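Trainee: What follows is a structure written as structure tokens; I'll ask about it next.
Number of protein chains: 4
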Amino acid sequence: MLKTCAGLHVVAQTPFRADGAVDFDSIDTLSAFYYRHGAQGLLVLGVSGEAQMLTPDEAVAVAARFVAASGDRRIVAGVSSPSLAVLESVTRDVMSEGADGVMICPPGHVRTDEEIIGYFGAVFDRIGDVPVVLQDFPAASGVKMSVPLIGRLLERFPAIEVIKEEDFPSPPKIGRLRAEMPRPVRILTGNNGMYLPQELERGADGPMAGFSYPEMLSGVYDLMQRDDRAGAHDLFNRYLPLLRYEAQGKWGIAIRKEMMRRRGALDCAILRQPAPALGEADLAELDFLVGRMDLPD
Amino acid sequence: MLKTCAGLHVVAQTPFRADGAVDFDSIDTLSAFYYRHGAQGLLVLGVSGEAQMLTPDEAVAVAARFVAASGDRRIVAGVSSPSLAVLESVTRDVMSEGADGVMICPPGHVRTDEEIIGYFGAVFDRIGDVPVVLQDFPAASGVKMSVPLIGRLLERFPAIEVIKEEDFPSPPKIGRLRAEMPRPVRILTGNNGMYLPQELERGADGPMAGFSYPEMLSGVYDLMQRDDRAGAHDLFNRYLPLLRYEAQGKWGIAIRKEMMRRRGALDCAILRQPAPALGEADLAELDFLVGRMDLPD
Amino acid sequence: MLKTCAGLHVVAQTPFRADGAVDFDSIDTLSAFYYRHGAQGLLVLGVSGEAQMLTPDEAVAVAARFVAASGDRRIVAGVSSPSLAVLESVTRDVMSEGADGVMICPPGHVRTDEEIIGYFGAVFDRIGDVPVVLQDFPAASGVKMSVPLIGRLLERFPAIEVIKEEDFPSPPKIGRLRAEMPRPVRILTGNNGMYLPQELERGADGPMAGFSYPEMLSGVYDLMQRDDRAGAHDLFNRYLPLLRYEAQGKWGIAIRKEMMRRRGALDCAILRQPAPALGEADLAELDFLVGRMDLPD
Amino acid sequence: MLKTCAGLHVVAQTPFRADGAVDFDSIDTLSAFYYRHGAQGLLVLGVSGEAQMLTPDEAVAVAARFVAASGDRRIVAGVSSPSLAVLESVTRDVMSEGADGVMICPPGHVRTDEEIIGYFGAVFDRIGDVPVVLQDFPAASGVKMSVPLIGRLLERFPAIEVIKEEDFPSPPKIGRLRAEMPRPVRILTGNNGMYLPQELERGADGPMAGFSYPEMLSGVYDLMQRDDRAGAHDLFNRYLPLLRYEAQGKWGIAIRKEMMRRRGALDCAILRQPAPALGEADLAELDFLVGRMDLPD
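Chains X, B, P and Z are the protein sequences, given in the same order. Take the position in the first sequence, starting the count at 1, then add 5; the result is the number in the working numbering. Take the position in the second sequence, starting the count at 1, then add 5; the result is the number in the working numbering. Take the position in the third sequence, starting the count at 1, then add 5; the result is the number in the working numbering. Take the position in the fourth sequence, starting the count at 1, then add 5; the result is the number in the working numbering.
The structure is reproduced here in structure tokens:
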């Protein structure tokens, strides 16, 4: 099922209540919001989903609730961990809760091509043939994977069905991946969608990113599918001021959650602490920015 | 003179010929281009000026040529180096060539507040009271400087006259700097100008960034000065698709140089090797992007 | 109770069976071995205890078994985690199992003095007044803490009762800590005990390290207590060839476990996979080294 | 000539005068000291030779003086630099001053196997067929090179004649290098000589390290050559307390220079500032340590 994925897969937020507890009810409204705006599936427990703020038990419960709300869409769960034991147990649990696959990024101490291949060997020894999204995200992980190395990983590990490509710059790397991979593989993109039109033009199969207006991400993909390149760029450019504004790390996630709260997607915009909180100046800045953009809702 | 700087200070490219030699003649056309489009001064020998590809002797010669072409504008030279001996000798040489000051970012091995203060103590012991731009750019340097630490540096080292603020996210940090600094200091911004309107609204004194359309950077600054905030945002947003496209690290610099070549600012778009080179797919992508933007020239 | 700790606190290994499961029975023999050779307490779930290879549930079970075998000795549990939620839940669980305190090292993304103070503020908001060993170990954590910063942490957080000092070089840093701390605090040392005589001479209260001959670590401490400095150095130097040989990262842990297996302290020398395994050449090298050392047992 | 190197190659200190100037006269006494104690050659301008504190011009002058004092011994100059332009110009200059080769370690931003191969391609395009020592030192450089990658570098770049192996743990890696390299290559070792007997047993051709008693390093090598393994270990162990004490980073270099000043090898023990300086407690500690060791001179 992952093997044929295409289109928008949203990197989902994790909603919290004001007291810091996971807000499971908001997972349902959030899911409905994502699907209403074109998501074909979700990546849950990602970095911008604050996965690192959850215990393993909470992480599995969050994934389970997203699965329950998914209907027939795909749910991929991020399970990267410096601990293989945690990776293995969370993978087993989210798969038994009904996830369609897991996303894995190697931990920072794994460095050479030989070590990276050895790491995935150890991973697949433990998790078996669970479908895997390979995340290539050196800015967050510290691990650089060259195009030839990714090719070797694909040859050796058939369970890798998707590459989430967010190395930098992404457009030429996606071009090389499309030209040099030894077998068919889906490529989804990340980096907050900041280079989405170019990434799709280079051969990506869809965005796997978060944005408070997911209809832009799915809309750009659809227009590109219909060969309306100009329309895709126009739609993208219209939202770019806010897209760029949300692309400011964890502080940008606070912005995104606030925007999604305003749109009714979740109840409470708070991030689990410690985390940035928006002050008056931040909210006023956001108001002005958004006020000029003539956005839907 | 640095003490009162405001407005656009362009992070200048270093032009090379096809054989890799520094193209000194293009420094003159490039300077004219920057000043024609609103630059009040230049930051030469920055990271995106490929300073790390020059020998110290070449670096000084490049700075000298920019000074010769500067008329009465300010020239600040980047002198950061893992070697204090090199920092000292390049500083002495560029100042005697007529630079107005130097920009310094601490090297990556300098980590704690105590070490950072000690590092600048050693720097100023060597270079004396040369006017300094303190560069706060952790994504490139690996050195994080908190707002209280920057305040302590300002208290202790009166030669620091400007902060180039490009930590991430920059708007709230600039807000805090404006509120908490112990003495007046100029704040210029970086990060490829990607957050310029917000940074100016938070109190920055101007952009210190590179872009192939510097008239946008100076124009946004001027509109903000005239309190035309809406106009500033409109101008910024119009160029944002290209601004974002150039904000892709060293590959983005290749794009920027190609755009500047097309505009007649320099003769040859090549970066000193080893460096990314643009292929057909890259140029076609750029053509399409720019073609839709209705840009001047 | 931590407040008055002194003498040897062994960084305990975690024993595994050949199939990779935790070998709980060997925890009992291992504990007896440590206490028989002079340990006043243990640090369990440390880096060289392979804590990163355990799930949170396994970690708590391991700590509980060490507590059960501890009699009236101190058990400190390492709870450092990139996830505050995991840190909080493991801390709660190991304390309710009877641990005497926890050891915390800030995660690598926490960098400036301000961030480090903020991090511990968030930690203590969650865990309350649990006694804490502050681990200063930049080679492993990536976080540098200056002496003045450690002083500020002690002032602000009374629950910090011990510093595990393993910055590099440790002797002058321990000297500064002894001179500059704002309140009494115990200092234990690490770095595989490689600088133990010097660290004790500078004012450390004992080793918190691992070695297959813990009687050397406790013996050096005892001799120093009795002002027999020459005797302490002689004892240390006698074991130094092996001490140094075990000080080779995770591969050194494999050596240490093999030595401890030979001494009957645990059943199986294996590390949880993936991990280095010793080959014939390694074992022959170890045999020759140890054969020349005239060691007890 | 590098191709057949064997035995001790000392990582040379750079002597400074109290005012911070290079002490060229002491280069002569230092050279005589190294050769008198068994050095077959020197590595000058290494990290522990404070190369990063020199300007490129000073570096070349230092190398030239060492060459002048070398008689028929080999001089290898460290030329690693984040700047390829500096690497190229220093290489050209030290070779024309008479050096036998240069040592190169890739800079930290070069990460994947593909990037490392590309980096050396760019290096050799610039420097031609200058004999090269490849330095494998991830703890200092941040660059990890696997054994298969080093094999590929040897296949592709015939000018690499020596590997300076100081990855960690070194003994098993040297064993693998000896077994897996595609062509003959010399292997010298580093890491302050801390694992010298084991490294020689695994097939290394000699130490390339610094120590205030170089006669121990050459002596261990000679005893191993004569198959007196026990004698080699005894000699090594006798010096180990001091060897370990000098293995404390830049602070250890201050110790080493002080010891070498006491032995008459150089005039002034100072490091170029900013650098650690030894205080009374440090010197007393050193006196006691050395006093118990019954050393020559």
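Just so it is clear, CB atoms sit at the ideal spot from N, CA and C, and this is done for glycine as well. Note that this is a predicted model, so its numbers are computed, not measured.
#1: Can you tell me whether M199 (chain X) is helix, strand or coil according to DSSP?
#2: Quickly, what does DSSP pair R107 (chain X) with across the bridge? List them, please.
#3: Is D118 (chain Z) close to chain X, meaning its C-beta is less than 9 Å from at least one C-beta of that chain?
#4: Could you please give me the residues that DSSP links to M213 (chain X) through a beta bridge?
#5: Anything in the segment 146-159 of chain B with a Cβ closer than 8 Å to a Cβ of chain P? List those residues in chain order, please.
#6: Using the C-alpha atoms, what's the distance from T60 (chain B) back to I258 (chain P)?
#7: Ignore the nearest five residues each way along the sequence and tell me which others in L205 (chain Z)'s own chain have a CB closer than 6 Å to its CB.
#8: I'd like to know whether the C-beta of P281 (chain X) is nearer than 9 Å to at least one C-beta of chain B.
#9: Does P163 (chain P) come within less than 9 Å of chain B when only Cβ atoms are used?
#10: Applying the criterion that 16 or more other CB atoms from any shown protein chain within 10 Å of the CB defines a buried residue, is R261 (chain B) buried or exposed?
#11: By the 10 Å Cβ neighbour count, where 16 or more other Cβ atoms means buried, how is P189 (chain Z) classified, buried or exposed?
#12: Near D292 (chain B), what residues of its chain come up, given a Cβ to Cβ distance below 7 Å and the 5 sequence neighbours on each side ignored?
#13: Would you call the CB atoms of L48 (chain X) and M108 (chain X) closer than 9 Å?
#14: How would you write the range of the alpha helix (DSSP H) that G260 (chain B) sits in, first residue to last?
#15: Could one say the Cβ of R261 (chain P) lies closer than 9 Å to chain Z's Cβ atoms, at least one of them?
#16: Could you tell me the boundaries of the alpha helix (DSSP H) in which I121 (chain B) lies?
#17: For L288 (chain B), count the other beta carbons within 10 Å of its own beta carbon; 16 or more makes it buried, fewer makes it exposed. Which is it?
#18: What number of angstroms, rounded off, separates the C-alpha of S308 (chain Z) from the C-alpha of R183 (chain X)?
#19: Between which two residues does the alpha helix (DSSP H) carrying R70 (chain B) extend?
#20: Whose C-alpha, out of P:E55, P:D77 and P:R78, is nearest the C-alpha of V84 (chain P)?
#21: Would you decide whether D24 (chain Z) is buried or exposed? Buried here means 16 or more other CB atoms lie within 10 Å of its CB.
#22: Closest by CA to G103 (chain Z), which one among Z:V81, Z:S86 and Z:A90?
#23: Could you tell me whether the Cβ of R70 (chain Z) comes closer than 9 Å to any Cβ of chain B?
#24: Note down the Cα distance separating E119 (chain B) from L89 (chain P), rounded to an integer number of angstroms.
#25: Where does L92 (chain Z) sit, in a helix, a strand or coil, going by DSSP?
#26: Using 8 Å for Cβ pairs, my map puts R79 (chain P) next to D98 (chain P). What's the rounded Cβ distance?
#27: Just to confirm, are C10 (chain Z) and G224 (chain Z) a CB contact at a threshold of 9 Å?
#28: In the segment 284-295 of chain X, which residues sit with their C-beta less than 7 Å from some C-beta in chain B, listed in chain order?
#29: Do G180 (chain B) and G198 (chain B) have their CB atoms nearer than 9 Å?
#30: Whose Cβ in chain X lies nearer than 8 Å to the Cβ of A90 (chain P)?
#31: Which residues share a DSSP beta bridge with T194 (chain X)?
#32: Among P:E63, P:N242 and P:W256, which residue has its Cα nearest to the Cα of P281 (chain P)?
#33: Does the beta carbon of P143 (chain Z) sit closer than 9 Å to a beta carbon anywhere in chain X?
#34: Distance cutoff 9 Å, beta carbons only. Does A184 (chain Z) sit that close to anything in chain B?
#35: Mark E160 (chain P) as exposed unless 16 or more other C-beta atoms lie within 10 angstroms of its C-beta, in which case mark it buried.
#36: Per DSSP, I165 (chain P) is paired with what?
Mentor: Judging by the given coordinates:
#1: What you label residue 199 (chain X) is simply residue 194 of the first sequence in a count that begins at 1. The answer is coil: DSSP assigns M199 (chain X) none of H, G, I, E or B.
#2: The residue given as residue 107 (chain X) occupies position 102 in the first sequence. Going by the sequence as given, residue 107 (chain X) is Val instead of Arg. Beta-bridge partners of V107 (chain X) (DSSP): X:A82 and X:V137.
#3: For the purposes of this step, residue 118 (chain Z) is taken as the residue at position 113 of the fourth sequence. Taking 9 Å as the CB threshold, D118 (chain Z) lines the interface with chain X.
#4: Here residue 213 (chain X) is taken as the residue at index 208 of the first sequence, counted from 1. Within the DSSP secondary-structure output, M213 (chain X) pairs in a beta bridge with X:H14.
#5: Here the close residues are K149, M150, S151, V152, P153 and L154.
#6: Within the third sequence, residue 258 (chain P) is the residue found at index 253, counting from 1. Within the second sequence, residue 60 (chain B) is the residue found at index 55, counting from 1. Each residue's Cα considered, the two are about 45 Å apart.
#7: Indexing the fourth sequence from 1 puts residue 205 (chain Z) at position 200. So the list reads M229, once near-sequence residues are dropped.
#8: Residue 281 (chain X) sits at position 276 when you count from the first residue of the first sequence. At a cut-off of 9 Å between C-beta atoms, P281 (chain X) counts as an interface residue with respect to chain B.
#9: Translated into the one-based positions of the third sequence, residue 163 (chain P) becomes position 158. With respect to chain B, the C-beta atom of P163 (chain P) has no partner C-beta closer than 9 Å.
#10: By one-based count along the second sequence, residue 261 (chain B) stands at place 256. That one is buried.
#11: The count along the fourth sequence starts at 1 and reaches residue 189 (chain Z) at position 184. Counting of Cβ neighbours within 10 angstroms places P189 (chain Z) among the exposed residues, the total staying below 16.
#12: Counting from one through the second sequence, the residue named residue 292 (chain B) turns up at place 287. Closer than 7 Å at the Cβ level, and outside the excluded window around D292 (chain B), lies no residue.
#13: Position 43 of the first sequence, counted from the first residue, corresponds to residue 48 (chain X). Position 103 of the first sequence, counted from the first residue, corresponds to residue 108 (chain X). Yes, Cβ-Cβ distance for L48 (chain X) and M108 (chain X) is below 9 Å.
#14: In the second sequence, the residue the question calls residue 260 (chain B) occupies position 255. According to the sequence displayed, residue 260 (chain B) carries Ile and not Gly. Where I260 (chain B) is concerned, the enclosing alpha helix (DSSP H) starts and stops at G254 to R267.
#15: For the purposes of this step, residue 261 (chain P) is identified with residue 256 of the third sequence, where counting begins at 1. For R261 (chain P), the answer is no, since every Cβ of chain Z falls outside 9 Å of its Cβ.
#16: By one-based count along the second sequence, residue 121 (chain B) stands at place 116. Bounds of the alpha helix (DSSP H) holding I121 (chain B) are D118 to I132.
#17: Residue 288 (chain B) sits at position 283 when you count from the first residue of the second sequence. Looking at its Cβ environment, which holds fewer than 16 other Cβ atoms inside 10 Å, L288 (chain B) is exposed.
#18: Beyond the ends of chain Z as shown, which are 6 and 302, falls residue 308 (chain Z); an answer cannot be given.
#19: Residue numbering aside, residue 70 (chain B) sits at position 65 when the second sequence is read from its first letter. Looking at the DSSP string, the run of the alpha helix (DSSP H) that includes R70 (chain B) is P61 to A73.
#20: Start at 1 with the first residue of the third sequence, and residue 84 (chain P) comes out as number 79. The residue with the shortest Cα to Cα distance from V84 (chain P) is P:E55.
#21: Here the question's residue 24 (chain Z) lines up with position 19 in the fourth sequence. The C-beta of D24 (chain Z) has fewer than 16 other C-beta atoms within 10 Å across all chains shown, which makes the residue exposed.
#22: On the fourth sequence, position 98 is the one that residue 103 (chain Z) refers to. When only C-alpha atoms are compared, the closest one is Z:V81.
#23: Residue mapping note: residue 70 (chain Z) aligns to position 65 of the fourth sequence, counting from 1. No, no contact with chain B.
#24: Counting from one through the second sequence, the residue named residue 119 (chain B) turns up at place 114. Counting from one through the third sequence, the residue named residue 89 (chain P) turns up at place 84. Taking the straight line joining both Cα atoms gives about 27 Å.
#25: Walking along the fourth sequence from the start, residue 92 (chain Z) turns up at place 87. In the structure shown, L92 (chain Z) falls within a helical segment according to DSSP collapsed to helix, strand and coil.
#26: Within the third sequence, the letter at position 74 stands for residue 79 (chain P). Within the third sequence, the letter at position 93 stands for residue 98 (chain P). R79 (chain P) to D98 (chain P), Cβ: 18 Å. No contact.
#27: Position 5 of the fourth sequence, counted from the first residue, corresponds to residue 10 (chain Z). Position 219 of the fourth sequence, counted from the first residue, corresponds to residue 224 (chain Z). In this structure, C10 (chain Z) lies away from G224 (chain Z), with their beta-carbon atoms at least 9 Å apart.
#28: The segment 284-295 of chain X vs chain B, Cβ under 7 Å: A286, D287 and E290.
#29: In the second sequence, counting from the first residue as 1, residue 180 (chain B) sits at position 175. In the second sequence, counting from the first residue as 1, residue 198 (chain B) sits at position 193. No, these two residues do not count as a Cβ contact at 9 Å.
#30: Numbered from its first residue, the third sequence carries residue 90 (chain P) at position 85. In chain order: M58, L59, T60, E63 and R277.
#31: By 1-based counting over the first sequence, the position of residue 194 (chain X) is 189. BP columns for T194 (chain X) point to X:E170 and X:P212.
#32: Counting from 1 along the third sequence, the entry for residue 281 (chain P) is found at position 276. Here the closest residue by C-alpha is P:W256.
#33: For this step, residue 143 (chain Z) is matched to residue 138 along the fourth sequence. Put simply, the CB of P143 (chain Z) is near chain X, with a gap under 9 Å to one of its CB atoms.
#34: Here residue 184 (chain Z) is taken as the residue at index 179 of the fourth sequence, counted from 1. Using beta-carbon distances, A184 (chain Z) does not count as an interface residue toward chain B, since no partner is under 9 Å.
#35: Residue numbering aside, residue 160 (chain P) sits at position 155 when the third sequence is read from its first letter. E160 (chain P) comes out exposed.
#36: Counting from one through the third sequence, the residue named residue 165 (chain P) turns up at place 160. Answer is P:V137, bridged to I165 (chain P).
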